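*Asks:*
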Amino acid sequence: MKLDPRHLEIIAAIVDQGGLTEGATALGRTQPSVSRTVAMLEQRIGAPLFEKGRRPLVPTELCQALAVEGRKIGGAGKTASAIVGTYKAGHRGIVRIGGTPVFMDGVVSSIIAEFQRASPQVRIEQSYAYAAELMSQLDAGTLDLAVCPLNPAAIPAGFSFQPVLPGRNVIACGINHPLLMKRPLRLTDIAPYAWIAPPASSPLYQDMRHVLGEIGVTDFKISFSGGSLASITNILSQSDVLTVLPYSVVFMARRQKMLAALSVRIGHPERSLGILTNGDMEVRPPIRRFTRFVESEFRNLAQLIMQQEQNSLWRS
């Protein structure tokens with residue numbers, strides 16, 4: 177015999193609250209409707225649920241057993257409501273984010289960690305790619321958002337781009353590099369040193385070539401190419417090679433005491449780091465919450481970077 181789960185929940189409420197009226201009030205229903213439900217259920221199972229003529233109501237053994245199951249149903253309903261509530265508030269769900277490797281590892285990963293401290297039930301699925309591939313994945317609906325450097329004036333139709341950090345590169349080195357002690361430091365001082373080349377598909381690769389062109393170096397030595405940000409950081413910290421990195425990445429690595437930026441101005445690309453989304457894609461609550469969090473964290477980061485630049489980086 178299959179019983180209506182709602183009827184079992186009503187029985188549990190009557191037993192727990194001690195009466196028909198009290199049970200009806202707890203469920204937000206009228207007492208007559210609850211009484212009809214009890215009578216209909218007794219007729220269906222062919223046995224009384226409450227002892228006849230007893231006031232207050234005394235549940236039968238069968239009624240007590242059914243109330244146990246009704247409580248489970250009520251509890252499941254409350255749990256389900258809580259799940260829906262946390263989802264609508266953006267504290268539950270999946271966020272699929274992609275981005276360029278250097279920024280994802282050097283900056284965004286720390287922001288993700290902070291977000292998940294407050295919203296541990298949001299699962300972050302992260303991937304690496306450059307702008308063209310990120311746009312393709314956003315267009316296909318396999319990504320929810322991307323964090324990457326782009327020219328805000330050249331965003332293709334159908335995409336939305338929210339800049340969060342101005343494009344600013346620096347010449348990066350290890351914290352014990354001899355050029356850090358040289359004052360004043362000129363671009364020509366940099367020419368003799370070997371370089372780490374970013375992956376050829378990375379915008380940083382063209383930025384590095386542009387920097388070397390500013391220095392007037394055409395025959396430069398590449399000692400290492402490609403690799404992850406972790407490998408680049410290790411090589412920089414243990415040698416005198418140089419590379420070009422976004423200043424935000426060097427700034428975020430300051431606590432590790434492995435990277436530094438040379439106090440020399442170089443040309444910066446016409447790009448901003450920003451949040452790229454598909455303008456036609458539905459924004460689910462966890463994505464909306466995560467995006468707002470990222471924007472807030474980058475606003476704070478931009479302010480800290482500006483203070484650092486004014487106080488120390490360009491003082492020479």
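In our numbering, the protein residues as written are 177 to 492.
Where is the CB? At the ideal position from N, CA and C, for every residue including glycine.
Model, not experiment: these values are computed from the prediction.
Buried or exposed: where does Arg268 fall if 16 or more other Cβ atoms within 10 Å of its Cβ makes it buried?
*Replies:* Burial call: buried.
*Asks:* Give the range of the beta strand (DSSP E) segment to which Arg299 is assigned.
*Replies:* 298-304
*Asks:* If you run the structure through DSSP and keep just helix, strand and coil, what is Arg430?
*Replies:* Arg430 sits in a helix when the DSSP states are folded into three classes.
*Asks:* Inspect the beta-carbon positions of Leu314 and Leu449 and report whether they are closer than 8 angstroms.
*Replies:* no
*Asks:* Using three-state DSSP, classify Ala376 as helix, strand or coil.
*Replies:* coil
*Asks:* Output the boundary residues of the alpha helix (DSSP H) element that contains Asn410.
*Replies:* That run of the alpha helix (DSSP H) goes 405-413.
*Asks:* Which first and last residues belong to the beta strand (DSSP E) in which Thr453 is found?
*Replies:* 448-454
*Asks:* Could you give the DSSP three-state label for Arg441: helix, strand or coil?
*Replies:* Judged by DSSP in its simplified three-state form, Arg441 adopts coil rather than helix or strand.
*Asks:* Considering only DSSP beta bridges, list what Thr419 is partnered with.
*Replies:* Ala348
*Asks:* On the three-state DSSP scale, how would you describe Gly261?
*Replies:* Residue state, collapsed to three classes: helix.
*Asks:* Taking its Cβ as the centre, do 16 or more other Cβ atoms sit within 10 Å of Ile259, making it buried, or is it exposed?
*Replies:* So Ile259 counts as exposed.
*Asks:* If you follow the beta strand (DSSP E) that Gly269 is part of, which residue opens it and which one closes it?
*Replies:* Where Gly269 is concerned, the enclosing beta strand (DSSP E) stretches over 269-275.
*Asks:* Could you please give me the residues that DSSP links to Leu435 through a beta bridge?
*Replies:* DSSP lists Gly350 as the bridge partner or partners of Leu435.
*Asks:* Helix or strand or just coil, what does DSSP make of Pro339?
*Replies:* strand
*Asks:* May I ask you to report which of helix, strand or coil DSSP gives Ser295?
*Replies:* coil
*Asks:* Quick check on Leu452: buried or exposed, where buried means 16 or more other Cβ atoms within 10 Å of its Cβ?
*Replies:* By the Cβ-count criterion, Leu452 is buried, with 16 or more other Cβ atoms from all chains shown falling within 10 Å of its own Cβ.
*Asks:* Quick check: Ile366 and Ile347, are their CB atoms within less than 8 angstroms of each other?
*Replies:* yes
*Asks:* Between Val210 and Ile249, which are expected to be in contact by the criterion C-beta below 8 angstroms, what is the C-beta distance as a whole number of angstroms?
*Replies:* Rounded, the Cβ-Cβ distance is 16 angstroms, inconsistent with contact.
*Asks:* Applying the criterion that 16 or more other CB atoms from any shown protein chain within 10 Å of the CB defines a buried residue, is Asp383 buried or exposed?
*Replies:* Buried, since its Cβ has 16 or more Cβ neighbours within 10 Å.
*Asks:* When we look at the beta-carbon of Ala215 and count the other beta-carbons within 10 Å, is it buried (16 or more) or exposed?
*Replies:* exposed
*Asks:* Taking Ala189 as part of the alpha helix (DSSP H), name the residues at either end of that continuous run.
*Replies:* 181-193
*Asks:* Going by alpha carbons, who is nearest to Gly246 out of Cys349, Leu203, Gly261?
*Replies:* Answer by Cα proximity: Leu203.
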